[in-house]
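Reviewing the structure listed below.
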Amino acid sequence: MPAARAFILGDSAQNISRKVVISPSAVERMLVTLATGRGLMLVGEPSTAKSLLSELLATSISGDAGLTIQGGASTTEDQIKYGWNYALLINHGPSTEALVPAPLYQGMRDGKIVRFEEITRTPLEVQDCLLGMLSDRVMTVPELTGEASQLYAREGFNIIATANTRDRGVNEMSAALKRRFDFETVFPIMDFAQELELVASASARLLAHSGIPHKVPDAVLELLVRTFRDLRANGEKKTSMDTLTAIMSTAEAVNVAHAVGVRAWFLANRAGEPADLVDCIAGTIVKDNEEDRARLRRYFEQRVATHKEAHWQAYYQARHRLP
1 MPAARAFILG
11 DSAQNISRKV
21 VISPSAVERM
31 LVTLATGRGL
41 MLVGEPSTAK
51 SLLSELLATS
61 ISGDAGLTIQ
71 GGASTTEDQI
81 KYGWNYALLI
91 NHGPSTEALV
101 PAPLYQGMRD
111 GKIVRFEEIT
121 RTPLEVQDCL
131 LGMLSDRVMT
141 VPELTGEASQ
151 LYAREGFNII
161 ATANTRDRGV
171 NEMSAALKRR
181 FDFETVFPIM
191 DFAQELELVA
201 SASARLLAHS
211 GIPHKVPDAV
221 LELLVRTFRD
231 LRANGEKKTS
241 MDTLTAIMST
251 AEAVNVAHAV
261 GVRAWFLANR
271 AGEPADLVDC
281 IAGTIVKDNE
291 EDRARLRRYF
301 EQRVATHKEA
311 HWQAYYQARH
321 RLP
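Okay, structure coming up:
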């Protein structure tokens, strides 16, 4: 368990870098849950690194994060448990050779962690196929006979599922399935400095990968992160500002910072400026809700205009670029 904790949170003594911004106590709770054999359910707003966290947990425990089920309206039971090679099935009948193992079958057979992404987007009757595997640790294959008809999970098997709170009610999990998971809420980054540092480092890597020699200036990144935090419904403090229906996640802030650098370099051969940020931010903040467009304009008039610093004033003067 200490090795898994160090892998996720980093350890300067072992020269291991931190891979995700999250409370150490939350990671410890997750590791304890998995160590006790309980399934782990990560819930939270979209783009709060739930998938990354499940990948890190699976890698640190099983050494493999590839056993992944992507939930959706079209997800079927055979994509979760097992399917058949129909050519072999027709010629030779049901056999272990004709069986095509899906992630859950492989995880039980090999004793590994299985990741189930967006479980609440999966139809309820498909979700409930997990019940036997989580409680009895056995999968029945009725088409086979003898010992092959029962697959018993090896030590190390478990399930890490993720669910967005904004999808609540789409395919709400049954009470029986909920009882088999321990729930852990993954929150957005609450500290401004940590979020700014993450956006700066991640956008710098993306810009370097794009062959751009400039990083986005710190002043522009400050404008970006502060705008996101001011308009985010779950920002660091309650304000009188309107909050938007858009998600405004840290991941989207990184994408905007990358777009600012790309726009400035390829269109003007320079580093990013506040005006570039105005051009790039609207498409992320204003999606399919016209009220968000008005809220964004009010934000510039009521909040941005009050800042006296030069980069804030340049940001305000570029407000005419908003669509």
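In the UniProt record's numbering, the protein residues as written are 1 to 323.
Virtual Cβ for every residue (Gly too), placed ideally from N, Cα, C.
Buried or exposed for residue i, please, with buried defined as at least 16 other CB atoms from any protein chain shown within 10 angstroms of its CB.
i: E138; result: Looking at the sequence provided, one finds Val at residue 138 rather than Glu. Flag for V138 reads exposed.
i: S74; result: exposed
i: E309; result: exposed
i: A65; result: buried
i: V45; result: Looking at the sequence shown, residue 45 is not Val but Glu. By the neighbour-count rule (16 or more Cβ atoms within 10 Å), E45 is buried.
i: R295; result: buried
i: S60; result: buried
i: P274; result: buried
i: S17; result: exposed
i: E55; result: buried
i: M1; result: exposed
i: K112; result: buried
i: I160; result: buried
i: S12; result: exposed
i: G39; result: buried
i: Y82; result: buried
i: K237; result: For K237, the pLDDT reaches just 49, beneath the cut-off of 50, and the residue's location in the model is therefore unreliable, although a value from the coordinates is still provided. Label assigned to K237: exposed.
Whose C-alpha, out of the options, is nearest the C-alpha of residue i?
i: F183; options: D11, R5, S12 and V32; result: V32
i: residue 327; options: Q14, G272 and V27; result: Summary: the structure shown does not reach residue 327, with the chain confined to residues 1 through 323, and so no result is reported for it.
i: T250; options: R226, W265 and Y82; result: R226
i: D110; options: P142, L89, G146 and Y152; result: Y152
i: A318; options: D292, D288, C280 and S135; result: C280
i: N171; options: F192, T120, V256 and E197; result: T120
i: T122; options: M173, I247, D288 and W265; result: M173
i: N164; options: I22, S47 and S12; result: S47
i: A264; options: I212, A176 and D218; result: I212
i: G69; options: D167, P188 and Q127; result: The question names Gly, yet the displayed sequence has Ile at residue 69. For the residues D167, P188 and Q127, the minimum Cα distance to I69 belongs to Q127.
i: G132; options: N158, A98 and G146; result: N158
i: P24; options: L9, L34, G37 and A35; result: L9
i: P142; options: S54, D167, A3 and P94; result: P94
i: G37; options: R180, D191, L89 and G63; result: R180
i: A176; options: D218, H307, S135 and E55; result: S135
i: G156; options: A204, L88, S62 and F116; result: S62
i: R232; options: K178, D292 and R270; result: D292
i: P217; options: K178, R270, H209 and R297; result: R270
i: T76; options: N91, L130 and R29; result: L130
i: S51; options: K19, R29 and W84; result: K19
Cβ atoms of residue j and residue i: under 8 Å apart, would you say?
i: L244; j: L277; result: no
i: T162; j: L42; result: yes
i: V100; j: G107; result: no
i: L196; j: L221; result: yes
i: E118; j: G72; result: yes
i: H258; j: L207; result: yes
i: Y316; j: D230; result: no
i: D78; j: A102; result: yes
i: G261; j: G272; result: yes
i: T96; j: A148; result: yes
i: H311; j: A219; result: yes
i: A204; j: K215; result: yes
Would you mind giving the Cβ-Cβ distance between residue i and residue j, rounded to the nearest angstrom? I have them listed as a contact below 8 Å.
i: L57; j: I80; result: L57 to I80, Cβ: 20 Å. No contact.
i: F228; j: A200; result: Not quite, the Cβ-Cβ distance comes to about 14 Å (not below 8 Å), so this is no contact.
i: V21; j: Q302; result: Not a contact, Cβ separation roughly 30 Å.
i: A246; j: K287; result: 6 Å
i: V186; j: A49; result: 7 Å
i: I285; j: M248; result: 7 Å
Just to confirm the assignment: which complete alpha helix (DSSP H) runs, minimum length 4, are found wholly within the UniProt domain "ATPase dynein-related AAA" (40–181)?
Segments of the alpha helix (DSSP H) lying fully in the UniProt domain "ATPase dynein-related AAA" (40–181): 50–62, 77–80, 86–92, 103–110, 124–127, 131–135 and 175–178.
Report the start-end ranges of each alpha helix (DSSP H) in the stretch 260–289 that is 4 residues or longer and not cut off at the edges.
For the stretch 260–289, whole alpha helix (DSSP H) runs of length 4 or above, ordered along the chain, are 274–285.
Minimum length 3: unbroken beta strand (DSSP E) runs contained in the stretch 180–234
Here the runs fully enclosed are 181–185.
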